[in-house]
Amino acid sequence: EPEVTQTPSHQVTQMGQEVILRCVPISNHLYFYWYRQILGQKVEFLVSFYNNEISEKSEIFDDQFSVERPDGSNFTLKIRSTKLEDSAMYFCASSPGQGIKNYGYTFGSGTRLTVV
Amino acid sequence: AQSVTQLDSHVSVSEGTPVLLRCNYSSSYSPSLFWYVQHPNKGLQLLLKYTSAATLVKGINGFEAEFKKSETSFHLTKPSAHMSDAAEYFCVVSPDTGRRALTFGSGTRLQVQP
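Chains A and B supply the protein sequences, listed in that same order.
Going by our numbering, the first residue of the first sequence is number -10, and it counts up by one from there.
Going by our numbering, the first residue of the second sequence is number 64, and it counts up by one from there.
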């Protein structure tokens, strides 16, 4: 069964450093998403991406965050200057079409980011 | 606006006994509702979904959920728990339109005792 692959599984970074989280969505999927879960809190939506542009983003997704699909296979989330409160599990997801109702999302296993 | 409340953060059952994980939602439109499961070090896996068809929805691994509009509930059940069911379960609501974000509940950790 096709999978969404996220690397690394765990990343530790120093406060103020830039970090890039990588995701390889399922190959024929067109919509891509990032969610995060701070320890002990709910999974929260960050951003959705389609046709090489952001289609929706949450209030969390401020100027410190960016996404791109640099090479047609990877989908990355960059945090420019990490803060302690960015420590969380970050989930990537992809879907073949628009809307979970008809197409469903496939989630990756997550990257645990720890900012020290 | 929409929200999801999972009423129990932890549920512990014995193997072979029924499982009930509770979820209430609020939504200003006709929502789609989902249950996802997360096993340790694994991704979020879709268990089942309700998308305005039958109110009783059957999913994988013997789980099912019933959509009750009058109670705004979407509780997850399984007649007989198995050790492999131990995981974190998330109730999720989505608007009935395309691209908007999913809203997750806070999760319920299911423990299955031998």
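Positions of the beta carbon are idealized from the N, C-alpha and C atoms, including for glycine.
Return yes when the Cβ of A:S98 is within less than 8 Å of the Cβ of B:G125, no when it is not.
No, the pair does not count as a contact, with Cβ atoms beyond the cut-off.
Report the rounded CA-to-CA distance for B:T80 versus B:G170, giving the unit in angstroms.
Distance between the alpha carbons of B:T80 and B:G170 is about 21 Å.
Can you tell me whether B:K121 is buried or exposed, with buried defined as 16 or more other CB within 10 angstroms of its CB?
Burial call: exposed.
Pair every Cβ in the region -2 to 11 of chain A with every Cβ in the region 66 to 79 of chain A, then say whether three or more of these pairs are closer than 8 Å.
Yes: the two stretches touch, three or more of their Cβ pairs being nearer than 8 Å.
Note down the Cα distance separating B:E134 from A:D60, rounded to an integer number of angstroms.
Straight-line Cα distance between these residues: approximately 47 Å.
Please tell me whether B:N124 has its Cβ less than 8 Å away from any Cβ of chain A.
No, no contact with chain A.
What residues in the region 83 to 110 of chain B bring their beta carbon closer than 8 Å to a beta carbon of chain A?
For the region 83 to 110 of chain B, which is checked against every Cβ of chain A, the residues closer than 8 Å are S95, F97, Y99, N104, K105, G106, L107, Q108, L109.
Should A:S(-2) and A:T100 be called a contact, given that it needs their Cβ atoms to be closer than 8 Å?
For A:S(-2) and A:T100, yes; Cβs fall inside 8 Å.
Identify the contact partners of B:F167 in chain A, using a Cβ-Cβ distance below 7 Å as the criterion.
Those within 7 Å of B:F167 in chain A are K31, V32.
Would A:T95 and A:S76 qualify as a contact pair, given that the criterion is a beta-carbon distance under 8 Å?
No. Outside cutoff.
Is the separation between the beta-carbon of B:H138 and that of B:V175 shorter than 8 Å?
No; because the gap between Cβ atoms is not below 8 Å, this pair is not in contact.
Cβ of A:E33 within 8 Å of Cβ of A:I49?
Contact flag set, yes.
For B:P177, count the other beta carbons within 10 Å of its own beta carbon; 16 or more makes it buried, fewer makes it exposed. Which is it?
Under this definition B:P177 is an exposed residue.
Against chain A, does B:F153 count as a neighbour if the rule is that its beta carbon must be under 8 Å from one of theirs?
B:F153 counts as touching chain A.
Taking its Cβ as the centre, do 16 or more other Cβ atoms sit within 10 Å of A:Y20, making it buried, or is it exposed?
Per the 10 Å Cβ criterion, buried.
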